[in-house]
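Step one of this worksheet: look at the structure below.
There are 2 protein chains.
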Amino acid sequence: MQTNAPAINDISFIIRHIIGYENLNALEGYTDVTSDMVDVMLAESGKISSEVLAPLNKIGDNLGCTFENGVVRTPPGFKEAYEQVNSGGWFSLNSDTDYGGQGLPLTLSTAVQEIFDSSNMAFGLIPLLSNSAVELLSAHASNSQKDIYLPNIISGKWATTMNLTEPHAGSDVGALRTKAVKDGNHYKITGEKIYITGGEHDYTENIIHLVLARTPGAPQGNKGISLFIVPKFLINEDSTIGQKNDLRCVSIEQKLGIHASPTCVMAYGDNGGAIGYLVGKENEGLACMFTMMNMARICVGVQGVGIAQGAYNQARDYANNRVQGTRPDAKGKKRPAMIIEHPDVKRMLMDMKSKTESIRALALYTSYCFDVSKRHPISEKRIQFSERVSLLTPIVKAWATDKAIKIADIGIQIHGGMGYIEESGASQYWRDARITPIYEGTNGIQAIDLVNRKIVRDNGKSLFLLIEEIEENLYNFSNLENNKFSDLGKLVRESVNTLSRSTVFLLNQAGIDLDLVESAARVFLDILGSTVCAWLMLLQAGSCEKLLIAKNLDPLFLESKIKTVKHFLKWQLPEVLALEKILLEGQNDLSLVSKKDFDV
Amino acid sequence: MQTNAPAINDISFIIRHIIGYENLNALEGYTDVTSDMVDVMLAESGKISSEVLAPLNKIGDNLGCTFENGVVRTPPGFKEAYEQVNSGGWFSLNSDTDYGGQGLPLTLSTAVQEIFDSSNMAFGLIPLLSNSAVELLSAHASNSQKDIYLPNIISGKWATTMNLTEPHAGSDVGALRTKAVKDGNHYKITGEKIYITGGEHDYTENIIHLVLARTPGAPQGNKGISLFIVPKFLINEDSTIGQKNDLRCVSIEQKLGIHASPTCVMAYGDNGGAIGYLVGKENEGLACMFTMMNMARICVGVQGVGIAQGAYNQARDYANNRVQGTRPDAKGKKRPAMIIEHPDVKRMLMDMKSKTESIRALALYTSYCFDVSKRHPISEKRIQFSERVSLLTPIVKAWATDKAIKIADIGIQIHGGMGYIEESGASQYWRDARITPIYEGTNGIQAIDLVNRKIVRDNGKSLFLLIEEIEENLYNFSNLENNKFSDLGKLVRESVNTLSRSTVFLLNQAGIDLDLVESAARVFLDILGSTVCAWLMLLQAGSCEKLLIAKNLDPLFLESKIKTVKHFLKWQLPEVLALEKILLEGQNDLSLVSKKDFDV
């Protein structure tokens, strides 16, 4: 039943017609990126996804990782697959060529990540972390640290981890207690970290732990946190692997999903202290870690896209093959029907398809903004797009992952009774997806980050700039010749207006009642997510219209895309109206609710 | 972390103030039902839920059922718990006293079912089926069949199953192929049935399978199906247990959840044919089975309520104990905070609480309607309420179960990282709940049943009668003295208006395009579900207002209930506006979508 068909056509369409090669080529270092090259890359990664990763997905779920005497073993076949995919350079697409990376845009790395994740999300986690660690080290490590670690991480020889959470310090990272005491040119680290993805495994010869800790006398909270490189095996002067550091995996968690990804409890410094090397300055570690986290947050959104596509593929194939009931044939006579022909199943599949394509566009566009923020020749543009990435990161992370769960849920439902049987594989997407709104900052934290740091802090400047651009697009769109979609443009315009009003409301409230802003944050994030996705979907319909006239692309794809855009706008955007009503009228009463109201 | 606190206060409040003892006592046979008796019953069942069933919930999930040499063993402790709870008469509350039942209203049985399911949903399935089978046999079996089977099923000595599904016949029951050939005073049954809950287990000395099959030459489809009693062990003339029938459990399924409930593949007639006894007439079996199914559908909705309450209990307790971040104290100084104090967590908990209380009211009210339909002294009332039960059954089944999953999902999210660790138990509610929108007719089937059989068939008569009653209540409500909630009444009135418009739209479309009606069915069900629940919630706020003035009930409960009603109406009802927009504008395009649109 497990099927895999990465959405190569759709990815290729979005990169070509929504992002545009001319725009990618205008960025420094990306002048050589061509559609031919990208299409080969998508096809090749699609093959790996279908042939190497898909067959391992259920094995990983069924057998999971094992932990024995401190050793973690990944499920059969995973280590070999890691080596095979890594040897093709697939994990270092957007890393710096100076350290052995491919020097390609994040846009392409995101495309490939989705393709891999659509068949095996658990497999992708260690490469995801490496990619994010490369961002961190490139931005904050010393040159000698870069020389030691970057080539080995980029080559996939060494893996990395992110060590933030402690049993009492989750969303509140500032409460962490792990200690770092200076000892010559390094620090001695002691403490316990939990939920460490890939804290121990058998993929690589070394694991580079990036650990947040406190030096003696450091200020309380977020401002007293420092970041350390803590290798599993120390590195000798001659760059060879040296002795084992004073750290160990204590246990691995039994999780709801992503069984093939080991989630470790880590102990540092049982025997006097693990050796760690400061990255950046003391007490500035959290900002450094955020470089890694922000990249990881985008990647988690991309995981959502992958899961959504995987769940959609499987549900569609099931609906295409499952006979139940009848439909009239051309002459009105009843004949046995595939369930895909029944209106309610068609609706469910269209919900899956349209939501999936919307979050894909969101993830690719955000990645493109990241590329602009790094490589645009004009510094103002870089700053502007850097702010846009900041604005969109919590949307990609939270909106895409929530939608992924919903999409996987519909996938189960389309399977009927079979969806509840683990053998079908439909439920694995749902279970695997469920981590994505939790890790790298819960979706609630994303919403609060969005409203407090990305909207209120700059008084909505960055968002209003985006709204302006959308409005300009809408204006151009409404002036298209032969515009068949003026009603669709109107729908998006209504949402944009709602978004503007909601933003003003939020900014006003921020001066009055910060609690209200926090309780409204999630609703606001959903308004923004729907609207940005609607804009990106509308742009696609516009491109399709032009391409249909030009007759240079498969008309079936274009017509199907237009139907999908229509479905998205007509079924998703009404929610924005409802959310505005909640935002404006639902908040005040919540402030009157207290702890004891929940105990009656 | 696993906690249990059944919602006894809320159940007691709804029975007393929304249903009313005077109304229950007006029904034949229920004159003796008093609040004292019911409150003792709720307290006692609450004790069983917390002390007997809750401790088994995780054991059941972890160990599941085992299958070896045709024998199914339920998880350790389950058989003993079945015997203990059964011996208290808890599984036969609403069964006929003539056959050993307690002769109580379904309303009370529903209350107790929720209380049990809130701590262990998987445990409740075999009693749920017995209850539903008693309905079937009471309505359709011959007197001698009743004499043989009812006392033993009602006493819990024998269990029952529902055998509809075959590998190629799920939602399309009419496609089933199991054969029944007449052989003297019985039939010989041969065929395979799947997804048979409790098809084999160790709880009872006998299992009475209720099996749909086709006699030779029977008409095709639904009109050629007959219903048979097929006991695991045949019954001797002297009522003792006789020889094993020709049937067996082939295997049990590995499922996403409810691991403690064996889901069996059953083979009938490997050795010439299992002996079966016709219930009712040949070819009229599906209608008989619907008597069982309709009861089971209400009970599945109640499972949703139970899961919702269980998930809420656990999330609330976690939020009450988990320290993260700070909140200002009375003097504005920061102090460590429980996460329940953070606005976004408060919002999530209030979403859980308000949705849970809304589906509880819906389930209890529908059960009360069932009681009226059976026991009201005036036959017109019985008929009217029988139609109302038909109308509300798909709403209880589909709306309550969808909400249950959403509530369990929020429960996971409140736990943060801990929610993804199976040990926490938060994810078990979510996994267990996921079957409820699938079995006893998928929620898509419920929606189609609602619009085709319950709305279009009687031209909306039964629904408009309900709408009239709601409008009358709203009118009375707006005339209450000192009415503090006129804004709430207005919200419900808007929803009722939307519901009326949507019903008219649907009835008009039914004459034009049946496909459109089917693709709109799910949206319509959600409009109706939200509106009926909003009405039942508003009535509660009204009662609270009166009771606060009368000062004869805990004001904390009443004030918290009013806040909960407000939250429900303000956060749930805006969705109705969005759904109407989808209903009116989203459908036409879907009819243009074809199979090939999903393959591009």
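As you go down the protein sequences, you meet chains H and G in turn. Using this note's numbering, you'd call the opening residue of the first sequence number 1 and step up by one each time. Using this note's numbering, you'd call the opening residue of the second sequence number 1001 and step up by one each time. Don't be surprised by glycine CBs; every beta carbon is placed ideally from N, CA and C. All figures in this text were calculated on a predicted structure; none of them were measured in a lab.
Distance, residue j Cα to residue i Cα
{"i": "Ile-989(G)", "j": "Ser-1560(G)", "result": "Lying outside 1001 to 1600, the shown extent of chain G, residue 989(G) is not represented and no answer is given."}
{"i": "Ser-1035(G)", "j": "Glu-1022(G)", "result": "10 Å"}
{"i": "Tyr-1439(G)", "j": "Gly-417(H)", "result": "7 Å"}
{"i": "Pro-6(H)", "j": "Met-41(H)", "result": "13 Å"}
{"i": "Leu-1592(G)", "j": "Ala-1521(G)", "result": "17 Å"}
{"i": "Asp-1351(G)", "j": "Val-1305(G)", "result": "14 Å"}
{"i": "Thr-215(H)", "j": "Ala-169(H)", "result": "17 Å"}
{"i": "Ser-130(H)", "j": "Ile-383(H)", "result": "25 Å"}
{"i": "Met-289(H)", "j": "Val-1492(G)", "result": "49 Å"}
{"i": "Gln-314(H)", "j": "Ile-405(H)", "result": "15 Å"}
{"i": "His-230(H)", "j": "Arg-297(H)", "result": "Rather than His, the amino acid found at residue 230(H) in this sequence is Val. In a straight line, the C-alpha of Val-230(H) is about 23 Å away from that of Arg-297(H)."}
{"i": "Val-1211(G)", "j": "Thr-1436(G)", "result": "22 Å"}
{"i": "Cys-65(H)", "j": "Lys-79(H)", "result": "12 Å"}
{"i": "Asp-1344(G)", "j": "Leu-506(H)", "result": "15 Å"}
Cβ pair residue i, residue j closer than 7 Å
{"i": "Thr-190(H)", "j": "Gly-285(H)", "result": "no"}
{"i": "Lys-353(H)", "j": "Thr-110(H)", "result": "no"}
{"i": "Val-576(H)", "j": "Thr-503(H)", "result": "no"}
{"i": "Gly-1586(G)", "j": "Trp-571(H)", "result": "yes"}
{"i": "Ala-1534(G)", "j": "Ser-1594(G)", "result": "no"}
{"i": "Ile-196(H)", "j": "Met-266(H)", "result": "yes"}
{"i": "Leu-106(H)", "j": "Ser-367(H)", "result": "yes"}
{"i": "Arg-434(H)", "j": "Gly-325(H)", "result": "no"}
{"i": "Gly-1221(G)", "j": "Gly-1174(G)", "result": "yes"}
{"i": "Ile-1154(G)", "j": "Gly-1100(G)", "result": "yes"}
{"i": "Asp-402(H)", "j": "Trp-430(H)", "result": "no"}
{"i": "Gly-1276(G)", "j": "Phe-1228(G)", "result": "yes"}
{"i": "Leu-548(H)", "j": "Leu-558(H)", "result": "yes"}
{"i": "His-186(H)", "j": "Thr-74(H)", "result": "no"}
Contact with chain G by residue i, beta-carbon distance below 7 Å
{"i": "Gly-304(H)", "result": "no"}
{"i": "Tyr-195(H)", "result": "yes"}
{"i": "Met-162(H)", "result": "no"}
{"i": "Leu-349(H)", "result": "yes"}
{"i": "Tyr-420(H)", "result": "yes"}
{"i": "Trp-571(H)", "result": "yes"}
7 Å Cβ cutoff, residue i in contact with chain H
{"i": "Asp-1597(G)", "result": "yes"}
{"i": "Thr-1442(G)", "result": "yes"}
{"i": "Pro-1343(G)", "result": "yes"}
{"i": "Ile-1435(G)", "result": "yes"}
{"i": "Ser-1251(G)", "result": "no"}
{"i": "Glu-1205(G)", "result": "no"}
{"i": "Ile-1340(G)", "result": "yes"}
{"i": "Lys-1566(G)", "result": "yes"}
{"i": "Ile-1509(G)", "result": "First, the residue type needs correcting, since residue 1509(G) is Gln and not Ile in the sequence shown. Output row for Gln-1509(G): interface = no."}
{"i": "Leu-1176(G)", "result": "no"}
Per DSSP, cross-strand counterpart(s) of residue i
{"i": "Cys-264(H)", "result": "Ile-196(H) and Ile-252(H)"}
{"i": "Lys-1182(G)", "result": "Tyr-1187(G)"}
Simplified DSSP state of residue i, which is helix, strand or coil
{"i": "Ala-1175(G)", "result": "helix"}
{"i": "Val-1565(G)", "result": "helix"}
{"i": "Arg-1322(G)", "result": "coil"}
{"i": "Tyr-1187(G)", "result": "strand"}
{"i": "Ala-1408(G)", "result": "helix"}
{"i": "Trp-1090(G)", "result": "coil"}
{"i": "Lys-281(H)", "result": "coil"}
{"i": "Gln-1243(G)", "result": "strand"}
{"i": "Glu-83(H)", "result": "helix"}
{"i": "Glu-28(H)", "result": "coil"}
{"i": "Gly-511(H)", "result": "coil"}
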